[in-house]
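Let me begin by presenting the structure, written as structure tokens, before commenting on it.
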Amino acid sequence: MGLPKLSLRRLLSGPPEEAARGLLGCTVSAGGVTVRITEVEAYAGTRDAASHAFRGRTPRNAVMFGPAGFAYVYFTYGMHWCMNVVCGPDGEASAVLLRAGEVVRGLATARDRRPAARRDADLARGPARLCAALGVTGEHNGVDLLAVGSAVRLRRVRTTARPQSVGAQPEGAHPVAEILAGPRVGVTGAHDVPWRFWYADDPTVSTYRRHVPKA
DNA sequence: ATACCGATCGCCT
DNA sequence: GGCGATCGGTATC
215 MGLPKLSLRR
225 LLSGPPEEAA
235 RGLLGCTVSA
245 GGVTVRITEV
255 EAYAGTRDAA
265 SHAFRGRTPR
275 NAVMFGPAGF
285 AYVYFTYGMH
295 WCMNVVCGPD
305 GEASAVLLRA
315 GEVVRGLATA
325 RDRRPAARRD
335 ADLARGPARL
345 CAALGVTGEH
355 NGVDLLAVGS
365 AVRLRRVRTT
375 ARPQSVGAQP
385 EGAHPVAEIL
395 AGPRVGVTGA
405 HDVPWRFWYA
415 DDPTVSTYRR
425 HVPKA
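Here you go:
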């Protein structure tokens, strides 16, 4: 277990796929709810056709071009909010989409915000559901996720060196879980790029849907 | 026109 | 219970 050798800000400032792997197991807290991240996707800024930043800077994607550790929150399909963690060096618009997580605190609040969820594992299973469970909306776009006192906070969590019995876990720690990688959800091209990362055998990981262009 | 999606419903095991 | 189709609001370029 032990503390991270690298600060979270430093980790996030690196390549998006490394930042993405490092974000698994971290927690995001907002609105009285904490979620342990179990699934993410990396987006490589202006050189990635699937990225919102692919066609350059616009008012919507502006925070992606800033330093790592800030929240890029966007509205889609006329009703959903989704949240990315900006990564890479300042000026490079890469980001990691938070696709799913496990609610580890504020269960009652998360259930209130997500009345359609039939199981607790569904509360934050999917990028828009995760934001709904946390109460994250456009007003949180651009917040510093690593600053004390931010409305949305990202934290690293201690991990044990290897799986042990649940009773032996230090409080708040999780065993190191196996990470799998595959193509991103809803992304047309780049199926050769395995930039979706998730914990194996985790019930809170969202179901894969391949992009379906309309006929 | 299309989008880094979710809820629901139909059909299938 | 799992999988595929369908519709739902609107910002964006």
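The first sequence begins at 215 in our numbering and counts up by one. All C-beta atoms, glycine included, are put in the ideal place defined by N, C-alpha and C.
Around G259, the same chain offers S265, A267, E306, A307, S308 as residues with beta carbons nearer than 6 Å, after the five sequence neighbours per side are excluded. The closest CA to that of D416, considering only M293, N275, G315, P273, is found on G315. In the DSSP assignment, A244 is bridged to V247, V366. Boundaries for A331: no alpha helix (DSSP H) harbours it, and the DSSP string shows neither H nor E there. For R319, the enclosing beta strand (DSSP E) begins and ends at 309-319.
Measuring C-alpha to C-alpha distances from L344 to each of R223, R235, T241 identifies T241 as the nearest. Annotated three-state conformation of M293 is coil, per DSSP. Per DSSP, the unbroken alpha helix (DSSP H) holding A234 starts and ends at 230-237.
If you look at L394, you'll find it in the beta strand (DSSP E) that goes 393-396. The C-beta of A256 has 16 or more other C-beta atoms within 10 Å across all chains shown, which makes the residue buried. Its chain contains H405 as the residues whose beta carbon lies nearer than 6 Å to that of P397, once the 5 sequence neighbours on both sides are disregarded; these appear in chain order.
In the DSSP assignment, the residues bridged to R339 are A314.
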